[in-house]
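In what follows, a single structure is set out as structure tokens and then discussed.
Number of protein chains: 2
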Amino acid sequence: MRILLIEDEASIANFIKDGLEEEGFAVDVADNGKKGLQIALDNLEEYDLLLLDWMLPGLSGIEICRAIRKQNQQLPIIFLTAKDTVDDAVFALETGANDFIRKPFSFEEMLARIRVLLRSQSGEQTVFRYKDLEMNLDTHRVTKAGVAVELTQKEFALLEYLLRNKGKVCRRTRIIEKVWDINFDHSTAVIDVYINFLRKKLENPGAEESFITTIRGIGYRINDDA
Amino acid sequence: MRILLIEDEASIANFIKDGLEEEGFAVDVADNGKKGLQIALDNLEEYDLLLLDWMLPGLSGIEICRAIRKQNQQLPIIFLTAKDTVDDAVFALETGANDFIRKPFSFEEMLARIRVLLRSQSGEQTVFRYKDLEMNLDTHRVTKAGVAVELTQKEFALLEYLLRNKGKVCRRTRIIEKVWDINFDHSTAVIDVYINFLRKKLENPGAEESFITTIRGIGYRINDDA
DNA sequence: GCCTTGTTTTTAGCCAATTTTAAGAATCAT
DNA sequence: ATGATTCTTAAAATTGGCTAAAAACAAGGC
Chain A
0 MRILLIEDEA
10 SIANFIKDGL
20 EEEGFAVDVA
30 DNGKKGLQIA
40 LDNLEEYDLL
50 LLDWMLPGLS
60 GIEICRAIRK
70 QNQQLPIIFL
80 TAKDTVDDAV
90 FALETGANDF
100 IRKPFSFEEM
110 LARIRVLLRS
120 QSGEQTVFRY
130 KDLEMNLDTH
140 RVTKAGVAVE
150 LTQKEFALLE
160 YLLRNKGKVC
170 RRTRIIEKVW
180 DINFDHSTAV
190 IDVYINFLRK
200 KLENPGAEES
210 FITTIRGIGY
220 RINDDA
Chain B
0 MRILLIEDEA
10 SIANFIKDGL
20 EEEGFAVDVA
30 DNGKKGLQIA
40 LDNLEEYDLL
50 LLDWMLPGLS
60 GIEICRAIRK
70 QNQQLPIIFL
80 TAKDTVDDAV
90 FALETGANDF
100 IRKPFSFEEM
110 LARIRVLLRS
120 QSGEQTVFRY
130 KDLEMNLDTH
140 RVTKAGVAVE
150 LTQKEFALLE
160 YLLRNKGKVC
170 RRTRIIEKVW
180 DINFDHSTAV
190 IDVYINFLRK
200 KLENPGAEES
210 FITTIRGIGY
220 RINDDA
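Top to bottom, those sequences are chains A and B. Residues 0 to 225 (numbering that gives the first Met the number 0) are what the first sequence spells out, left to right. Residues 0 to 225 (numbering that gives the first Met the number 0) are what the second sequence spells out, left to right.
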């Protein structure tokens, strides 16, 4: 994942660049607005995300944002700013930014926001299928043979976990950790109950065998469709 | 974004120019009508918006507006005026102006109007629909089956967010971030209350199910119309 | 200033849906 | 057959959203 950072203060720029590179991103830095816009426009396809300082020598962040939005609606843009009025945040978002982080910010917070934007934009899988079953994370919908099926939060989360690991065993302990809480009482039988809910809601009444295979003593698995 | 300001009073002109430049616009000033029209016609393609004083030495604002509209229908034109009769406003709009601001005006207000006009210019989507519901960002109007519905600011913003994401889940946390403030107390019930306001204002009394689907524990969704 | 009006946010009770627990029945492996 | 594991069902506990009403806040008029 390639990120362009437009920020004139070298200390901040380095802090962010180093931190993000440690996390596995490729980061390019431009230290003024004009250069930044140039680089961005010349390599629009290259970058997956833009971090943009609000106050820049040369061109302001707002102007850069506008200029880029004319060319490209997709590129996620996050503003970094010392300004702290609500108006600025709203203004930034209206200009076409996707998010807005106030300095001083925690690195963790920034990382989280970057991840959110990259996930929703950069083609991460949001639709899962098994035979005539379809789960869509964007719309938060599940359909069976085209017919909508209403799932509760936990049912949805459990099915998502199973489908994400289609073909692989999902161990009970892992399920408890991922779908419920890391420190959830391991001696519970909730999983069984919820597997049962899913089977009831998603299986053709007369089915000989379940689409969720029980692996006794270990956990469950949804098979790869043949 | 380049703005041409035609205004003879130097103090007002400077106030506006400085303010807009701080906001990232490039502003040129002409201090009389003749010069202003000249500049405008010679550089029609250069400017994204025209701010035009009503009373000018040499040529009046109205005459300038007419002359420009002969050449160019697109350029957004905003009148600035001390006059305060409704007639003048109507007259200005008939002449081809897009908006009309009375002096004395707040800078914020002017900025807001400028942004609205630039938005529709930049090809961004400004009309959203769901069945017989229509929301127009340019005119800031919402109609239900052709009948105008009055929404407050927050109601409007919430509906806009939901419609922009028509078909997709809108998670509570995202709604709070986008419609309210980024760091708004997450444990509040304002969202519920405003969803309720929207439903009351926009739903046919005897409706069996809401046009805003509740997804318990997650958020809300306006469905794609079938 | 103070009052009025409209908007936004908080609060709290209610209710329904969801989640969890529990316990007996069924199934499996040896 | 036996013990362990999973399935099923019902009932209890909890959560989360809806609603109405009140409180807080903002803007405009007098």
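The C-beta atom is built at its ideal place from N, Cα and C for all residues, glycine as well. Computed from a prediction, not measured in an experiment: that's the story for all the values here.
{"Query": "Listing by chain order, which chain A residues have their CB less than 7 Å from the CB of K16 (chain B)?", "Result": "Within chain A, no residue comes near K16 (chain B); the closest Cβ sits about 15 Å away, beyond 7 Å."}
{"Query": "Excluding the five sequence neighbours on either side, which residues of its own chain have a C-beta within less than 7 Å of the C-beta of D47 (chain B), listed in chain order?", "Result": "M0, R1, I2, L117 and Q120"}
{"Query": "If we define contact as Cβ-Cβ less than 9 Å, is I61 (chain A) a contact residue for chain B?", "Result": "yes"}
{"Query": "Does the segment 108-116 of chain A come within contact of the segment 124-140 of chain A, defined as at least 3 CB pairs closer than 8 Å?", "Result": "no"}
{"Query": "Quick check on DSSP: helix, strand or coil for A12 (chain B)?", "Result": "helix"}
{"Query": "For my contact list, I67 (chain B) and T94 (chain B) are in at a C-beta cut-off of 8 Å; report their separation, rounded to the angstrom.", "Result": "About 10 Å separates the two Cβ atoms, so there is no contact after all."}
{"Query": "In terms of DSSP beta bridges, what is T142 (chain B) paired with?", "Result": "B:E133 and B:A147"}
{"Query": "Should S186 (chain B) go down as buried or exposed, given a rule of 16 or more other Cβ atoms within 10 Å for buried?", "Result": "exposed"}
{"Query": "Could you tell me whether any Cβ in chain A is nearer than 9 Å to the Cβ of V168 (chain B)?", "Result": "yes"}
{"Query": "Counting only beta-carbon separations shorter than 9 Å, does Q152 (chain A) have a partner in chain B?", "Result": "yes"}
{"Query": "Assign V168 (chain B) to one of three DSSP states: helix, strand, or coil.", "Result": "coil"}
{"Query": "Just verifying my parser: in three-state terms, what is the DSSP assignment at T94 (chain B)?", "Result": "helix"}
{"Query": "What did DSSP end up calling F106 (chain B) once you bin it into helix, strand or coil?", "Result": "helix"}
{"Query": "Distance check for K143 (chain B) and Y219 (chain A), CA to CA, integer angstroms please.", "Result": "49 Å"}
{"Query": "G32 (chain B) to G23 (chain B), Cα distance in whole Å?", "Result": "25 Å"}
{"Query": "List, in chain order, every chain B residue whose beta-carbon is nearer than 9 Å to that of T138 (chain A).", "Result": "G166, K167, V168, R220, N222 and D223"}
{"Query": "Check whether the segment 205-221 of chain A touches the segment 14-29 of chain B, taking contact to mean three or more Cβ pairs, one atom from each stretch, closer than 8 Å.", "Result": "no"}
{"Query": "Are the C-beta of G205 (chain A) and some C-beta of chain B separated by less than 9 Å?", "Result": "no"}
{"Query": "With a cut-off of 9 Å, does the C-beta of E45 (chain B) fall near any C-beta of chain A?", "Result": "no"}
{"Query": "Quick one: what does DSSP say R215 (chain B) is sitting in, helix, strand or coil?", "Result": "coil"}
{"Query": "Assign I214 (chain A) to buried or exposed, taking buried as 16 or more other Cβ atoms, counted over all protein chains shown, within 10 Å of its Cβ.", "Result": "exposed"}
{"Query": "Taking I214 (chain B) as the query, report the chain A residues whose CB atoms sit under 8 Å from its CB, ordered along the chain.", "Result": "H139"}
{"Query": "Using the Cα positions of R101 (chain A) and Q37 (chain A), report the straight-line distance between them to the nearest angstrom.", "Result": "25 Å"}
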